[in-house]
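Colleague: Chains as they are written, first to last, in full-length UniProt numbering: chain A, 1 to 638; chain B, 1 to 250. From the three backbone atoms N, C-alpha and C, an ideal C-beta is built for every residue, glycine too. All values derive from a computational prediction rather than experimental measurement. Before I ask anything, here is the structure I am working with.
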Amino acid sequence: MILDSKIPEGPLEQKWDNYKKKAKLVNPANRKKLDIIVVGTGLAGSSVAASLGEMGYNVKSFCFQDSPRRAHSVAAQGGVNAAKNYKNDGDSIYRMFVDTLKGGDFRAREANVYRMAECSLNLIDQAVAQGVPFGREYGGYLNNRSFGGVQVSRTFYARGQTGQQLLLGAYQALMRQVGKGTVQLYSRHEMLDLVMIDGKARGIIVRNLDTGEIERHAAHAVILATGGYGKIYYLSTLAMGCNGSAIWRAHKKGALMASPSWIQVHPTSLPQSGDYQSKLTLMSESLRNDGRIWVPSKADETRQPNDIPENERDYYLERRYPAFGNLAPRDISSRAAKERIDAGYGIGPLKNAVYLDFSKAIQEQGKEKIKEKYGNLFDMYLKITGYNAYNEPMMISPSAHFSMGGLWVDYELMTTIPGLFALGEANFADHGANRLGANSLLQASVDGYFIAPYTIANYLANEIHTGKISPDTPEFETAEQAVKQQIQDFMNIKGTKTVDYFHKTLGKLLYDYCGLARNEKGLKYAIEEIRRLKQEFYKDVRVSGQGDKMNTELEKAGRVADYFEIGELMCYDALTRNESCGAHFREEFQTPDGEALRNDTEYQFISAWAWKGENNEPELIKEPLIFEEIQPTVRSYK
Amino acid sequence: MDLHLKIWRQKDRQSEGKLVSYDLKELNPHMSFLEMLDTLNEKLITEGDEPVEFDHDCREGICGQCGMMINGIAHGPLKNTTTCQLHLRSFRDGETVLIEPFRAGAFPVKKDLKVDRSAFDRIISSGGFVSINTGQAPDATAVAVTHQTAEEAFDAAACIGCGACVATCKNGSAALFTSAKITHMVLLPQGKEERSERVLNMVTQMDKELFGHCSNTEACEVECPQGISVLNIARMNYEYGRALFFRRKG
Ligand SMILES: Cc1cc2nc3c(=O)[nH]c(=O)nc-3n(C[C@H](O)[C@H](O)[C@H](O)COP(=O)(O)OP(=O)(O)OC[C@H]3O[C@@H](n4cnc5c(N)ncnc54)[C@H](O)[C@@H]3O)c2cc1C
Ligand code: SF4
Ligand code: FES
Numbered sequence: 001m002i003l004d005s006k007i008p009e010g011p012l013e014q015k016w017d018n019y020k021k022k023a024k025l026v027n028p029a030n031r032k033k034l035d036i037i038v039v040g041t042g043l044a045g046s047s048v049a050a051s052l053g054e055m056g057y058n059v060k061s062f063c064f065q066d067s068p069r070r071a072h073s074v075a076a077q078g079g080v081n082a083a084k085n086y087k088n089d090g091d092s093i094y095r096m097f098v099d100t101l102k103g104g105d106f107r108a109r110e111a112n113v114y115r116m117a118e119c120s121l122n123l124i125d126q127a128v129a130q131g132v133p134f135g136r137e138y139g140g141y142l143n144n145r146s147f148g149g150v151q152v153s154r155t156f157y158a159r160g161q162t163g164q165q166l167l168l169g170a171y172q173a174l175m176r177q178v179g180k181g182t183v184q185l186y187s188r189h190e191m192l193d194l195v196m197i198d199g200k201a202r203g204i205i206v207r208n209l210d211t212g213e214i215e216r217h218a219a220h221a222v223i224l225a226t227g228g229y230g231k232i233y234y235l236s237t238l239a240m241g242c243n244g245s246a247i248w249r250a251h252k253k254g255a256l257m258a259s260p261s262w263i264q265v266h267p268t269s270l271p272q273s274g275d276y277q278s279k280l281t282l283m284s285e286s287l288r289n290d291g292r293i294w295v296p297s298k299a300d301e302t303r304q305p306n307d308i309p310e311n312e313r314d315y316y317l318e319r320r321y322p323a324f325g326n327l328a329p330r331d332i333s334s335r336a337a338k339e340r341i342d343a344g345y346g347i348g349p350l351k352n353a354v355y356l357d358f359s360k361a362i363q364e365q366g367k368e369k370i371k372e373k374y375g376n377l378f379d380m381y382l383k384i385t386g387y388n389a390y391n392e393p394m395m396i397s398p399s400a401h402f403s404m405g406g407l408w409v410d411y412e413l414m415t416t417i418p419g420l421f422a423l424g425e426a427n428f429a430d431h432g433a434n435r436l437g438a439n440s441l442l443q444a445s446v447d448g449y450f451i452a453p454y455t456i457a458n459y460l461a462n463e464i465h466t467g468k469i470s471p472d473t474p475e476f477e478t479a480e481q482a483v484k485q486q487i488q489d490f491m492n493i494k495g496t497k498t499v500d501y502f503h504k505t506l507g508k509l510l511y512d513y514c515g516l517a518r519n520e521k522g523l524k525y526a527i528e529e530i531r532r533l534k535q536e537f538y539k540d541v542r543v544s545g546q547g548d549k550m551n552t553e554l555e556k557a558g559r560v561a562d563y564f565e566i567g568e569l570m571c572y573d574a575l576t577r578n579e580s581c582g583a584h585f586r587e588e589f590q591t592p593d594g595e596a597l598r599n600d601t602e603y604q605f606i607s608a609w610a611w612k613g614e615n616n617e618p619e620l621i622k623e624p625l626i627f628e629e630i631q632p633t634v635r636s637y638k
Numbered sequence: 001m002d003l004h005l006k007i008w009r010q011k012d013r014q015s016e017g018k019l020v021s022y023d024l025k026e027l028n029p030h031m032s033f034l035e036m037l038d039t040l041n042e043k044l045i046t047e048g049d050e051p052v053e054f055d056h057d058c059r060e061g062i063c064g065q066c067g068m069m070i071n072g073i074a075h076g077p078l079k080n081t082t083t084c085q086l087h088l089r090s091f092r093d094g095e096t097v098l099i100e101p102f103r104a105g106a107f108p109v110k111k112d113l114k115v116d117r118s119a120f121d122r123i124i125s126s127g128g129f130v131s132i133n134t135g136q137a138p139d140a141t142a143v144a145v146t147h148q149t150a151e152e153a154f155d156a157a158a159c160i161g162c163g164a165c166v167a168t169c170k171n172g173s174a175a176l177f178t179s180a181k182i183t184h185m186v187l188l189p190q191g192k193e194e195r196s197e198r199v200l201n202m203v204t205q206m207d208k209e210l211f212g213h214c215s216n217t218e219a220c221e222v223e224c225p226q227g228i229s230v231l232n233i234a235r236m237n238y239e240y241g242r243a244l245f246f247r248r249k250g
């Protein structure tokens, strides 16, 4: 199979314009005849459903939460990037493009990255017009701040709740369409399978989570905007319900999965404190603008942080990466923290954390100023840990956070299945092997507001004469039966261990062998262990309650079943990439001073994987990355 | 620490519910309240019982999905905190903790501690937005908004839609939720154009959903995890009166 990325011709700055000029249109009268399913109501899903509804298509919008407003995008704190150059500090679309490509360790497509930077300008306009209350200067103009991995201020923010405010904007736009009847809303519905007819995506099978009923929904195109699968690690910064099931089930129907092992570990999450813990909480990266990161320079330090004098502190980021210091990108900062923790310098009760210290900033700017900037984060820290970070440094630790991998999509955001699109974190595009802070909200939003409405129309233009798709076909019947069978199977096992037990065990395996650092031996071991665990799961899991009623345990069982397979693929992916790049750090491939050693001659490609059936090795298909505009350089933040 | 729990168990919307007692021993005080319920559920499942259904997702205090009455207080004893951000250190060793769903006419119980809050979505869909189409918005700095105004709008926009205000109100009123959105929108230049229509539609929808009337007890503000101010309700009432007045004239 040859992957066609469909990158339009012309110079980089004109590609998107060229595409739009040539893209086919659907006449407004015909749009009513076309049905579109959107799974997910995060920034990507809400924005695309609202846009398509407004254009006059019949849209059905699905999410598993009780309201679309609760999709995981709501939790993003730090901000969203846009190359507006309001600060006049030298920002431009081109600079943002370069930063993003470099931040992703040159493992992303130039054309996609450029388009994201280009569309970033419109996103801020769109959000402000919707009433998103971004931070403002006293004169009334928009304010911004800097974020990890860049040297200009291009991050727009709404206090520490940027994701919430952007999502509310998109949700309100969506609910406006729901009110108008162009979008039909199905909250508390989980997609459990994709239905294909004649090789095209034609619908989905969902479970109504309140009643347990299985439903069929047909459409001319299906959009998956189902977010990331980082919760596979169990402990992560993601919401409890985040999962990879929708994209995984599409993968098993033929959509390729790209770069599954590139999962970002965020450097500033709160450390784990006990076994009972269900998730880790992120402290916004923006804290690194003013907080200084350090560990004691003596191993096994027992003194309280405030008792450790300045000259006995190791500000290791400032020491190792003087040009970026505390703002070094996430992969680098996370790894540097792990290095110190593993070397015995970790702090906190479990010795698994490092300090994030505001004393200097408070001294210089005053407590009030710091309170205004980060007050809600300090409050949150106090609630969770019981410690007051105005008086002593915070304790932070790396934690799984974002999946750069996802369904492979071309420039049109279409997967390898015709009519199946993947948007936002569910696709693999734009971030390469590492995502720069504040680029994800951006990608999810521009995919939904500005890109998919054009590319989906281009696809649908050929569907005008197809006529209504009926859900009463053998394809729907087979898919529905398979879903029902799986549910029955889970209910019948009646084993002794809970779903969470399996999820936690899998997560620990992945942290240890396919986490911040990987090696060949560990990955091979992990593949074996995951298979063993999966077998045990199908023999010994206990799902209580009933299959045809509201049943949270059953929902979790389905998600964990998919996680076993995704985890296995992550390990295969990591195993075949004999280099270190971005979030992928293979211990065998590093420089003498412990930095990642990329191998452009052999690995300058996107790994796209095809499903070959259970217990068979997946097939690797390569999409070569061609850089015309900039030549990959060794990333240096020193 | 040990806790004695009394939890509302209700099979489904139609069935009658009742309080059931559970004892949990040797809990870590650093555990969150929901992690304590996870622990209980693990135990129930292994013992062959059905776990307690409760709503939650982000566990970061921002999605608004969790929420229950804990010892009669929405989201529990800590002020301005969601249930997921409440930790066992807020309870005493050996304490009896009463856990019930949010109760209000407009929030029917679905199962155990889960309630149906879709009425909130319908209120938003009746007018809680700026009617701007997507794609071609004017430049964001074209209209300046003072720092003060943006911050005030934000204070209102911060509502997470959890429903604690409704559950805690003796009338089951959604005034705090609705007024927060109205205030957010009316403060900003973008939202001003539709102010009259918006408030009339949203208040009408609120009434249709069987939420009670606001009788100014101000209990909602006390238990709101986002500290949304009751002054928003005053603003909503003003906006409503203003809209009626202009409508009559027009
Ligand atoms: C704690 C945290 C902080 C972050 N901070 C930032 C930040 O400051 N800046 C930034 O740019 N990015 C940030 N990110 C990343 C960013 O929030 C996400 O990448 C982005 O919001 C993803 O948006 P999305 O629309 O793709 O998916 P999501 O918002 O995750 O939405 C997924 C949707 O899919 C639905 N869904 C999933 N599976 C199914 C199914 N099977 N059936 C039905 N529905 C389904 C869910 O219900 C939900 O509606 C942060 C992430 C985390 C975890
Ligand atoms: S006003 Fe407060 S209590 Fe009411 S829904 Fe909003 S956040 Fe919750
Ligand atoms: S679980 Fe999201 S606010 Fe509590």
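Can you confirm whether A:K279, when its beta carbon is compared against all beta carbons of chain B, has any partner nearer than 7 angstroms?
Modeller: Yes, A:K279 lies at the interface with chain B (some Cβ there is under 7 angstroms from its Cβ).
Colleague: Kindly say whether A:L142, judged by its beta-carbon, lies nearer than 7 angstroms to any beta-carbon of chain B.
Modeller: Yes, A:L142 counts as interfacial toward chain B.
Colleague: Leaving aside the five residues before and after B:R9 along the sequence, list all residues of the same chain whose C-beta is less than 8 angstroms from its C-beta, in chain order.
Modeller: Correct list, in chain order: G17, K18, L19, V20, V52, D112.
Colleague: To which residues does DSSP link A:K355 through a beta bridge?
Modeller: Reading off the sequence shown, one finds Tyr at residue 355 of chain A, where the question assumed Lys. A:Y355 is bridged to A:W294, A:M395.
Colleague: Just mark A:R176 as buried or exposed, buried being the case when its beta carbon has 16 or more other beta carbons within 10 Å.
Modeller: The residue in question, A:R176, is buried, as its Cβ has 16 or more Cβ neighbours within 10 Å.
Colleague: With a threshold of 6 angstroms (Cβ to nearest heavy atom), would B:R59 be considered close to ligand 4?
Modeller: For ligand 4, the structure offers nothing, since it holds only ligand 1, ligand 2 and ligand 3.
Colleague: Using a beta-carbon distance below 7 angstroms, is A:S51 in contact with chain B?
Modeller: It does; some Cβ of chain B falls within 7 angstroms.
Colleague: Whole angstroms are fine: how far does the CA of A:I469 sit from the CA of A:K33?
Modeller: Those two C-alpha atoms are separated by around 10 angstroms.
Colleague: What residues of chain B sit near A:E54, judged by a beta carbon separation below 8 angstroms?
Modeller: By Cβ distance, chain B contributes N133, T134.
Colleague: Tell me, please, whether the CB atom of B:H147 is closer than 7 angstroms to any CB atom in chain A?
Modeller: Answer yes: the Cβ-Cβ gap between B:H147 and chain A drops below 7 angstroms somewhere.
Colleague: Assign B:G250 to buried or exposed, taking buried as 16 or more other Cβ atoms, counted over all protein chains shown, within 10 Å of its Cβ.
Modeller: Confidence at B:G250 is low in this model, with a pLDDT of 46, below 50, so its placement is unreliable and the value that follows should be read with caution. When all chains shown are included, B:G250 counts as exposed.
Colleague: Quick check on the DSSP output: the beta strand (DSSP E) that includes A:P624 runs from which residue to which?
Modeller: That run of the beta strand (DSSP E) goes 619 to 624.
Colleague: Could you work out which residues of chain A lie near B:S229, taking near to mean beta carbons separated by less than 7 angstroms?
Modeller: Result: empty, since nearest Cβ-Cβ is about 16 angstroms, beyond 7 angstroms.
Colleague: Kindly list the residues whose CB is nearer than 7 angstroms to the CB of A:G131, restricted to its own chain and excluding five residues on each side of it in sequence; keep chain order.
Modeller: Excluding residues within five positions, the ones whose Cβ falls inside 7 angstroms are G169.
Colleague: Mind listing the chain A neighbours of B:G161? Cutoff is C-beta to C-beta under 7 angstroms, in chain order.
Modeller: The answer, in chain order, is S67, R69.
Colleague: Got a sec, what are the start and stop residues for the alpha helix (DSSP H) A:P267 sits in?
Modeller: Unbroken run through A:P267 is the beta strand (DSSP E), 263 to 269; no alpha helix (DSSP H).
Colleague: Pick out whichever of A:G406, A:A361, A:D99 has its Cα sitting closest to the Cα of A:N391.
Modeller: With distances taken between Cα atoms, A:N391 lies closest to A:A361.
Colleague: If I follow the unbroken beta strand (DSSP E) through A:R207, where does it start and stop?
Modeller: Taken as a continuous stretch (DSSP letters only), the beta strand (DSSP E) holding A:R207 covers 200 to 208.
Colleague: Using the beta-carbon of each residue, which ones in chain A are nearer than 7 angstroms to B:A180?
Modeller: In chain order: nothing, as chain A lies at least about 11 angstroms away.
Colleague: Using a C-beta to C-beta distance shorter than 8 angstroms, which residues of chain A count as neighbours of B:C220?
Modeller: Under the 8 angstroms cutoff, chain A gives no residues; its nearest Cβ is about 19 angstroms from B:C220.
Colleague: Smallest Cα separation from A:K84: which of A:L123, A:K549, A:E190?
Modeller: Minimum Cα distance to A:K84 is reached at A:L123.
Colleague: Could you check whether B:L34 and B:F56 sit closer than 7 angstroms to each other, using their CB atoms as the reference points?
Modeller: Strictly speaking, residue 56 of chain B in this sequence is His, with Phe absent from that position. Taking 7 angstroms as the Cβ cut-off, B:H56 and B:L34 qualify as a contacting pair.
Colleague: Measure from the alpha carbon of A:F502 to the alpha carbon of each residue in B:D23, B:L5, B:N232, B:E42, then state which is nearest.
Modeller: The shortest Cα separation from A:F502 among B:D23, B:L5, B:N232, B:E42 belongs to B:E42.
Colleague: Which residues neighbour ligand 2 when neighbourhood means a C-beta less than 6 angstroms away from any of its non-hydrogen atoms? List them by chain order.
Modeller: Matched residues: B:C159, B:I160, B:G161, B:C162, B:G163, B:A164, B:C165, B:L176, B:F177, B:A180, B:C224, B:P225, B:Q226, B:I228.
Colleague: Under a CB-based cut-off of 7 angstroms, is A:T498 close to chain B?
Modeller: Yes, A:T498 lies at the interface with chain B (some Cβ there is under 7 angstroms from its Cβ).
Colleague: Measure the beta-carbon distance from A:E529 to A:L509 and round it to whole angstroms, keeping in mind my assumption that it falls under 8 angstroms.
Modeller: The Cβ separation is near 6 angstroms, so the contact holds.
Colleague: Strictly below 8 angstroms CB to CB, what residues from chain B border A:L168?
Modeller: A157, listed in chain order.
Colleague: With the cut-off set at 7 angstroms, would you say A:V354 and A:V295 are in Cβ contact?
Modeller: In this structure, A:V295 lies closer than 7 angstroms to A:V354 by Cβ.
Colleague: Which two residues bound the contiguous beta strand (DSSP E) that contains B:S21?
Modeller: Run containing B:S21: 18 to 24, per the beta strand (DSSP E) assignment.
Colleague: Would you mind telling me which residues of chain B sit closer than 8 angstroms to A:T552, beta carbon to beta carbon, in chain order?
Modeller: The contacting residues are P51, E53.
Colleague: Tell me whether the beta-carbon of A:A258 lies closer than 7 angstroms to the beta-carbon of A:I417.
Modeller: Not a contact, by the Cβ cut-off of 7 angstroms.
Colleague: Could you compute how far the alpha carbon of B:D139 sits from the alpha carbon of A:F62?
Modeller: Cα to Cα, the separation comes out at about 32 angstroms.
Colleague: From the beta carbon of B:L37, is the nearest beta carbon of chain C less than 7 angstroms away?
Modeller: As a matter of chain content, chain C is missing from the structure shown, whose protein chains are A and B.
Colleague: Using a C-beta to C-beta distance shorter than 8 angstroms, which residues of chain A count as neighbours of B:P138?
Modeller: Correct list: D125, A129.
Colleague: Whose CA, out of A:A221, A:M414, A:H584, A:S153, lies closest to the CA of A:E520?
Modeller: Selected option, being the one with the closest Cα: A:H584.
Colleague: Any beta-carbon of chain A closer than 7 angstroms to the one on B:E95?
Modeller: For B:E95, the answer is no, since every Cβ of chain A falls outside 7 angstroms of its Cβ.
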